[in-house]
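See structure below.
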Amino acid sequence: MSTTEINQDTAGQPLLRIRDLKVGFSSRDRVLPAVRGIDIELFKGEVLGIVGESGSGKSLGMLASLGLQARNAIVSGSVVFKGKELVGRPRREMRALRGAEISMIFQDPLSSLNPVMTVGDQIREALFLHNRGMSKAKATERVLELLQLVAIPQPDRRINQYPHEFSGGMRQRVMIAMAVANNPELLVADEPTTALDVTVQAQIMRMLRDLKEKLGLALILITHDLGVVAGHADRVAVIYAGLVVEEAEVRELFANPRHPYTRGLIDSIPKLTASNEKLYSIPGAPPMLGALPEGCAFHPRCGFAQDICRKAAPPVIELGRHRAACHFAESLPSWAGAGRTAEAEERGNG
Ligand SMILES: Nc1ncnc2c1ncn2[C@@H]1O[C@H](COP(=O)(O)OP(=O)(O)OP(=O)(O)O)[C@@H](O)[C@H]1O
Ligand code: SF4
Ligand SMILES: [Mg+2]
Numbered sequence: 001m002s003t004t005e006i007n008q009d010t011a012g013q014p015l016l017r018i019r020d021l022k023v024g025f026s027s028r029d030r031v032l033p034a035v036r037g038i039d040i041e042l043f044k045g046e047v048l049g050i051v052g053e054s055g056s057g058k059s060l061g062m063l064a065s066l067g068l069q070a071r072n073a074i075v076s077g078s079v080v081f082k083g084k085e086l087v088g089r090p091r092r093e094m095r096a097l098r099g100a101e102i103s104m105i106f107q108d109p110l111s112s113l114n115p116v117m118t119v120g121d122q123i124r125e126a127l128f129l130h131n132r133g134m135s136k137a138k139a140t141e142r143v144l145e146l147l148q149l150v151a152i153p154q155p156d157r158r159i160n161q162y163p164h165e166f167s168g169g170m171r172q173r174v175m176i177a178m179a180v181a182n183n184p185e186l187l188v189a190d191e192p193t194t195a196l197d198v199t200v201q202a203q204i205m206r207m208l209r210d211l212k213e214k215l216g217l218a219l220i221l222i223t224h225d226l227g228v229v230a231g232h233a234d235r236v237a238v239i240y241a242g243l244v245v246e247e248a249e250v251r252e253l254f255a256n257p258r259h260p261y262t263r264g265l266i267d268s269i270p271k272l273t274a275s276n277e278k279l280y281s282i283p284g285a286p287p288m289l290g291a292l293p294e295g296c297a298f299h300p301r302c303g304f305a306q307d308i309c310r311k312a313a314p315p316v317i318e319l320g321r322h323r324a325a326c327h328f329a330e331s332l333p334s335w336a337g338a339g340r341t342a343e344a345e346e347r348g349n350g
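Quick note: the sequence shown uses the numbering used here, first residue 1, plus one each step.
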């Protein structure tokens with residue numbers, strides 16, 4: 001692990017570059033691999049979707065990147081943000097970075113808000129944490145501005161209310177206001193719409209996209225629903241069993257998925273036009289931690305699996321800016337789901 005500063009001009013360099021990030025947990029005499037290799041890059045102003053089923057390592061990978069892993073986690077690899085290596089950085093330095101330059105909206109907005117503090121006090125606290133000399137009046141002014149920014153009606157009344165007086169969508173807006181309070185350059189939103197109904201989901205996604213434009217943010221959207229990222233991400237990284245198995249520009253991914261798992265995820269998105277059709281789901285279940293199948297971890301669920309898939313882990317095959325970790329990424333047969341891009345985008349946009 002290194003805390004070395006990368007002394008080079010960062011112009012043209014990604015804002016965030018994660019290389020071979022691994023996270024494991026010690027269990028008796030072995031390490032259980034939960035994240036087995038995340039490689040992603042994110043440029044200023046870009047939106048990257050990170051998609052995968054429950055337990056695939058989406059949250060863990062991003063939490064570990066920000067130094068928020070559990071104490072029993074073993075982290076290796078490299079996470080470079082604006083030229084600084086973050087893996088191995090002291091906790092104190094990571095605390096200073098989080099909430100200031102990088103912010104995260106955690107997966108469960110209900111439990112992330114303190115029920116006995118007013119919404120205004122919680123946002124003020126986020127401000128004071130990174131602006132020691134800020135006066136209370138200045139902080140209040142900024143809180144009102146932030147509540148307005150995330151479209152909370154009557155901010156001067158709402159500022160003194162408690163989280164239970166807000167709806168689920170409004171609480172998520174408060175979390176977003178807290179996350180952008182100190183003008184971060186990167187915002188990581190972990191399942192920002194999962195607990196919300198479809199209409200509110202669409203409003204929150206639109207708001208995140210608007211904020212990205214207004215504030216010049218780079219955004220990482222973590223979700224288990226590929227449909228959510230369709231209309232909102234520039235690029236998508238698909239994670240399976242702790243590994244990025246495919247990454248491409250969003251339209252390319254939907255039009256020409258090169259990994260059978262991605263095809264399964266696209267097929268699982270409800271179609272707008274076929275209300276009576278049975279919804280497809282990928283057969284089987286993701287592997288348990290510590291019980292990874294040999295070879296390609298997806299092989300027990302894959303309709304294209306051959307002998308080699310059961311024996312050898314697939315290499316990452318690069319097809320221009322499109323990468324897929326499948327033995328047959330270049331030769332997969334054509335697929336009936338091609339052309340669902342527009343429909344998925346429409347759904348993503350609500
Ligand atoms: N502190 C921990 N100790 C042991 N295992 C853990 C710990 N934290 C996470 N894991 C395991 O790591 C794996 C990845 O978890 P993670 O929370 O990243 O999944 P996820 O992709 O975010 O799923 P979801 O969509 O349900 O949020 C899971 O198998 C989880 O049980
Ligand atoms: S390597 Fe084999 S099992 Fe894995 S996704 Fe490709 S075809 Fe399926
Ligand atoms: Mg998660």
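Virtual Cβ for every residue (Gly too), placed ideally from N, Cα, C.
Endpoints, the alpha helix (DSSP H) within which residue i is located
i: lysine 136; result: 136-149
i: histidine 322; result: From DSSP, histidine 322 is part of no alpha helix (DSSP H) but of the beta strand (DSSP E) over 322-324.
i: glutamate 46; result: Neither: glutamate 46 is in no alpha helix (DSSP H) and is coded neither H nor E.
i: leucine 226; result: 226-230
Any non-hydrogen atom of ligand 2 closer than 7 Å to residue i Cβ
i: phenylalanine 328; result: yes
i: alanine 305; result: yes
i: phenylalanine 43; result: no
i: phenylalanine 298; result: yes
i: histidine 259; result: yes
i: proline 314; result: yes
Helix, strand or coil at residue i [DSSP, three-state]
i: tyrosine 162; result: coil
i: aspartate 197; result: coil
i: glycine 169; result: helix
i: arginine 157; result: helix
i: arginine 92; result: helix
i: leucine 217; result: coil
i: glutamate 252; result: helix
i: arginine 206; result: helix
i: arginine 98; result: strand
i: isoleucine 222; result: strand
i: lysine 278; result: coil
Residue interval of the beta strand (DSSP E) (run including residue i)
i: methionine 104; result: 102-105
i: proline 33; result: 30-42
i: phenylalanine 81; result: 73-81
i: threonine 118; result: Taken as a continuous stretch (DSSP letters only), threonine 118 belongs to no beta strand (DSSP E), as it is neither H nor E.
i: leucine 187; result: 186-190
i: isoleucine 266; result: Taken as a continuous stretch (DSSP letters only), isoleucine 266 belongs to no beta strand (DSSP E), being part of the alpha helix (DSSP H) at 260-267.
i: lysine 22; result: 16-27
i: alanine 237; result: 235-240
Per-residue burial, residue i [other beta carbons within 10 Å of its own, 16 or more giving buried]
i: valine 87; result: buried
i: alanine 336; result: exposed
i: phenylalanine 254; result: buried
i: proline 153; result: exposed
i: glutamate 330; result: exposed
i: arginine 17; result: buried
i: lysine 136; result: exposed
i: aspartate 225; result: buried
i: serine 54; result: exposed
i: alanine 139; result: buried
Check: residue i C-beta below 7 Å from any heavy atom of ligand 1
i: serine 112; result: no
i: serine 281; result: no
i: serine 54; result: yes
i: phenylalanine 81; result: no
i: phenylalanine 25; result: yes
i: alanine 202; result: no
i: alanine 237; result: no
i: alanine 285; result: no
Distance cut-off 7 Å: residue i Cβ against heavy atoms of ligand 3
i: aspartate 225; result: no
i: glutamate 191; result: yes
i: lysine 311; result: no
i: lysine 84; result: no
i: glutamine 107; result: yes
i: lysine 58; result: yes
Any non-hydrogen atom of ligand 4 within 7 Å of residue i CB
i: alanine 96; result: Only ligand 1, ligand 2 and ligand 3 can be found as ligands here, which leaves ligand 4 out of the picture.
If contact is defined by three or more beta carbon pairs under 8 Å, each pair taking one atom from either stretch, is the stretch 142-154 in contact with the stretch 73-86?
Counting Cβ pairs under 8 Å, fewer than three are found: no touch.
If contact is defined by three or more beta carbon pairs under 8 Å, each pair taking one atom from either stretch, is the stretch 43-61 in contact with the stretch 211-219?
yes
Contact between the stretch 190-198 and the stretch 235-249: three or more CB pairs below 8 Å?
no
Can you find at least 3 beta carbon pairs, one from the stretch 256-273 and one from the stretch 282-295, that sit closer than 8 Å?
yes
So, do the stretch 56-71 and the stretch 17-30 have three or more beta carbon pairs nearer to each other than 8 Å?
yes
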